[in-house]
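Residue numbers (my numbering), protein chains in the order written: chain S, 1 to 259; chain G, 1001 to 1456; chain W, 2001 to 2196.
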Amino acid sequence: MRVGLFVPCYVDQLFPHVGRATLDVLERHGLEVDFPRDQTCCGQPMYNAGFSDEARTLARRHVRIFREYEHVVCPSASCVATVRHGYASLVPKEPGFEDVRASTRELCEFLTDVLGVTSVPGRFPHRVGLHASCHGVRELRLAGASELGASAPGARPTLDRAHRLLASIDGIELVSPRRPDECCGFGGTFAVDEPAVAAMMGRDRIADHARAGAEIVTATDVSCLAHLDGLMRHDGSPLRVMHVAEILAAAGAEAGSTA
Amino acid sequence: MTHAENARAFVADDVRAHWHDEALWFVRAKRDAAMRTVPEWEILRTRAAEIKAHALSRLGDYLVEFEANATKLGAVVHWARDADEHNRIVLSLLRERGFRRVVKSKSMLTEECGLNPYLERHGIEVVDTDLGERIVQLRREPPSHIVLPAIHLRKEEIGVLFHAELGTAAGESDPKVLTEAARRGLRGKFLEAEAGITGVNFAIAETGGIVVCTNEGNADLGTSLPRLHVACMGIEKVIPRAADLAVFLRLLARSATGQHLTTYTSHFHGPRPGAELHVVLVDDGRSALAARPAFSPSLSCIRCGACLNTCPVFRRSGGHSYETSVAGPIGSILAPARDPERHRSLPLACSLCGSCTDVCPVRIDLHHQLLSWRGVLARKRLLGDGKRRAMQLAAFVLARPRLYERVARFARSAARALPSGLVGRLGGVSKDRRLPEPPGESFREQLARRRARGRG
Amino acid sequence: MAAAREEILAALAKRTMAPAEHPGSEGPWQSFRDRVAIFRERLEAAAGECVPVADEGRLAEAVAAIARERSASRVLSLVAAVRSIGAASRDPHDVDGVGLAVLEAQLGVAENGAVWITDGGLAPRSVFSLPEHLVVVLRAGAIVDQMHDAYARLSFSERGFGCFLSGPSKTADIEQSLVIGAHGARTLTVLLLGDA
């Protein structure tokens, strides 16, 4: 199985360790992983800010670069959401658009839905709070949103991909914040347009995870985590952030070394 | 002021902002609990959306049908193109009869039209009778929430207000005592009133009736005592059949306050014996909105307020920060349709979390409509030149992978060299959080090195 | 005004909203094994009370007990089995001062504890909101599961007033703190016939 690794531009430049962890996790499953070096950005920042023309240019490139892959995996739910939902309005006629839309998956989604992974070997003896990223929950429906009724598709909490994978790791303790899926306040340009509210939202999430007893806050999205991390470091919080891929990779590395 | 500026002032009072957030989260939690008692909740939402889409697709026909049936029952139907025409119709109904004392129950439409100040300017005494509306009326400020008009106020502030206005004891802030004082004061107003004005939650084309929902019973008191009942409604409130009410009423109160039904859900078919019923149908921009496919679903709104309660931005910025009669996500869609320049900051007051869309009982894709508004504002060049140029430049660089690599490498090394405070300011990020420390190598650089080593 | 009507209708006739079918009324709507129990639970959640009464012969006695408990000296009854105390005229204002009104419900709704009452031309409409306390007589057999079933039984072909009433008047407009008795009735008691 040949997999195209889609590493969002800001992860490439600012959080390369998350890209590396994602690659590790995929290679540990015996996959042949390709990183097409022409990739830059899926166009999400422009798309979410209302600049469709600028986003379209990048969306078109992205489709051309990734259409040859059977599977495309990305450690960011919001970028996947842009490809899966945003592209329908941006580049509906681009050849390969339907293929890329169908083949692109968030990392945990790929592990559970394509590879059928139900448990992750290894150990991670920490108290972890899983921040449910909005695009993962409400655009990709990778987990049930707390406000949806039982008859909604994706509303069953058992469908929570990241939670299921993390919960299977030996020694991990997943804590439960009071508000299971409230936004962290990043929201791309939102954090720039509305800095005061964005910071308050982030601090409230951190406080909620701290109250629940978390040492580490994790998520499927680096953008949410970077926002929270910026606030944690400013405030001198004892909490820290790790992307889901880093936890899966760390647990896997331990399993590899003891195997 | 922009929403962000107003929000900054709101957030600056940290204790109050958190209190406001918790108060509304409590309402959201009650909504969740009520929603979970209905196993077919999501099917109901779909049904409600379908009925509204159908009704809006034949709105003209249903309005005509409603008018004919309401007239048959003895009501008088008026049409108003805009707020001003609406206000003039209401005033002339009062003047023709020499009426000067009016009690009003909650109506977002009359807020939108500015009816109260208009009538007051023309010598009419208008008393808002919903407790929350009464409180903000006495404070001479607009409601901050479409369902909970005084949710921005602490009980102590209301105590001070009632002490000054209604003569309650100084320092009294028990909601029970304050509510009782309002009840006593308003009883007299109800009994003296010559006319009662209400909003309309639903108008039924098939029967010519209107439905008004309240918890306090103020619409019922306000229409059962005076001889004139004036019901004001936006044209989008008409639904085809009485049976459709089952769908909407099962959703409305649960979404709004977590009750299974509003306490008084009153169905008026024609005037009561010896009295008059006038219904004013108001367009005020609605037919224009119906003609914009990207935004017309917002006309399905039944004003439950659920999107406000779940919105993480609304809860932390307060209703007044929106500077519109309807605040929150739905207001941020409706307001720019009236005046995109004035309300251009509202579609930005959204982190695109999507929770509003999930709670909406009529499945308005609120956050996607807010995103669409950003597109409209960008095309109208109302988002600021700085942002536009930044996006154009970023897209230019990102479309060229070699250039992207060079620019990014330079930016990383510059950011590492510069003091972080300066970088934050350049990045447009507030000073109360830190930016990530840029790494020496990007992922692609690390990977290239590793793979080159692997081959070598 | 005619101009306004024509202009609005003309603007709507030009609208571009896509045609959409009405979905109809059938659906997988909730039903309950024990409607009476759910009705009672939801009525109490709405701050109402539910008192079972064995048969019509016991109604007067039950109302008298409630009137005593609520210190209501004027009782206005629209139910044949219960006598009014202190006459009321047709003037809706005259209902002010009525301590207790006794009404008859056509049906009750289990899912929300509401009762459907109509004015039936028997009394001024203020009888639903002006008295201090309300008693509503409901037959247990007239409780339906949910609102779809309720509307299937209602007819709106004539002039009149009808109201779903769920519990007494209430407000939470001050700090979300629930206060019973905002403008209308301070208490609402459903006398449930045939469930004792």
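C-beta atoms are modelled at their ideal positions from N, C-alpha and C, and glycine is treated no differently.
Since we're looking at a predicted model, the values are computed, not measured.
Contacts around residue i, its chain only, beta-carbon distance under 6 Å, and the 5 residues preceding and following it disregarded
i: G/A1150; result: G1132, I1135 and V1136
i: S/H209; result: G129, P177 and V217
i: G/R1412; result: P1438
i: G/Y1264; result: T1214, G1217 and D1220
i: S/A59; result: G43, Y87, L90 and V91
i: W/A2123; result: L2078
i: G/A1314; result: The question names Ala, yet the displayed sequence has Phe at residue 1314 of chain G. Excluding residues within five positions, the ones whose Cβ falls inside 6 Å are L1308 and G1328.
i: S/A249; result: A21, D24 and V25
Beta-carbon neighbours of residue i, restricted to chain G and to distances below 7 Å
i: W/A2020; result: E1050, A1053, H1054 and S1057
i: W/Q2030; result: V1038, P1039 and E1040
i: W/V2179; result: P1175, K1176 and T1179
i: W/S2025; result: A1243
Close Cβ partners of residue i (< 8 Å) along its chain, the five nearest in sequence each way excluded
i: G/A1170; result: H1163
i: S/A49; result: G188 and T189
i: S/G171; result: R123, F124, P125 and H126
Under 9 Å by beta carbon: chain W residues contacting residue i
i: G/I1135; result: D2173 and I2174
i: G/D1283; result: A2004, E2007, I2008, A2011 and L2012
i: G/T1129; result: H2183
i: G/Y1264; result: F2128, S2129, C2163, F2164, L2165, S2166, S2169 and G2184
CB contact check: residue i to chain S, cutoff 8 Å
i: G/T981; result: Residue 981 of chain G lies beyond the stretch modelled for chain G, which goes from 1001 to 1456, so this question has no answer here.
i: G/T1310; result: yes
i: G/G1375; result: yes
i: G/A1007; result: yes
i: G/Y1404; result: yes
Chain G within 8 Å of residue i, Cβ atoms only
i: S/V80; result: no
i: S/H243; result: no
i: W/R2035; result: no
i: S/V217; result: no
i: W/Q2106; result: no
i: S/E254; result: no
i: W/F2128; result: yes
i: S/L231; result: yes
i: W/S2084; result: no
Closer than 9 Å at the beta carbon, the chain G residues around residue i
i: S/F186; result: S1351
Reduced DSSP secondary structure (H/G/I, E/B, other) of residue i
i: W/S2077; result: strand
i: G/R1338; result: helix
i: W/E2175; result: coil
i: W/L2188; result: strand
i: G/T1002; result: coil
i: W/W2029; result: coil
i: S/I206; result: helix
i: G/H1104; result: Correcting the residue identity first, residue 1104 of chain G is Lys in this sequence and not His. Strand.
i: G/L1178; result: helix
i: W/P2052; result: strand
Per-residue contacts from residue i into chain W (C-beta, under 7 Å)
i: G/D1021; result: None at all; the shortest Cβ gap to chain W is about 13 Å.
i: G/F1099; result: In chain order: nothing, as chain W lies at least about 16 Å away.
Residue i: CB within 7 Å of a non-hydrogen atom of the ligand MN
i: S/A81; result: Of ligands this structure carries none, so the ligand MN is not represented either.
Contacts that residue i makes with chain G (C-beta to C-beta distance below 8 Å)
i: S/S146; result: D1032
Test: residue i CB closer than 8 Å to a CB of chain W
i: G/L1225; result: yes
i: G/T1071; result: no
Neighbourhood of residue i by C-beta distance below 7 Å, restricted to the same chain and skipping five residues each side
i: G/F1099; result: E1194, A1195 and L1228
Within chain W, partners of residue i - CB distance below 8 Å
i: G/E1065; result: Residues of chain W passing the Cβ test: none, with the nearest at roughly 12 Å.
i: G/R1081; result: A2004, E2007 and I2008
Under 7 Å from the C-beta of residue i: neighbouring residues of chain S
i: G/D1432; result: A199 and H234
Interface residues of chain S facing residue i [CB-CB closer than 8 Å]
i: G/S1442; result: D12, Q13 and P16
i: G/L1249; result: Chain S residues near G/L1249: none, gap ~17 Å exceeds 8 Å.
**Request:** Quick one: which residues of the stretch 1355 to 1369 of chain G get their C-beta closer than 9 Å to a C-beta of chain S? List them in chain order.
**Result:** S1355, T1357, D1358, V1359, H1367 and H1368
**Asked** Of all the residues that make up the stretch 2048 to 2082 of chain W, which are near chain G by a beta-carbon distance shorter than 7 Å?
**Response** none
**Message:** What are the residues in the stretch 2092 to 2103 of chain W lying within 7 Å of chain G by C-beta distance?
**Reply:** P2092, H2093 and D2096
**Request:** With 7 Å as the limit, tell me which residues of the stretch 110 to 136 of chain S have their beta carbon closer than that to any beta carbon of chain G; keep them in chain order.
**Result:** C134
**Request:** Residues of the stretch 49 to 60 of chain S with a CB closer than 7 Å to any CB of chain G: list them in chain order, please.
**Result:** A49, G50, F51, S52, E54, T57 and L58
**Contacting positions in the stretch 1142 to 1157 of chain G - beta carbon closer than 9 Å to chain W** = L1148, P1149, A1150, I1151, L1153, R1154 and K1155
**Prompt:** Quick one, which residues of the stretch 1170 to 1191 of chain G are near chain S if we go by CB-CB under 7 Å, in chain order?
**Reply:** none
**Asked** Between the stretch 2142 to 2169 of chain W and chain G, which residues of the former have a C-beta closer than 9 Å to a C-beta of the latter?
**Response** Q2146, M2147, H2148, D2149, A2150, Y2151, A2152, L2154, S2155, F2156, S2157, E2158, R2159, G2160, F2161, G2162, C2163, F2164, L2165, S2166, G2167, P2168 and S2169
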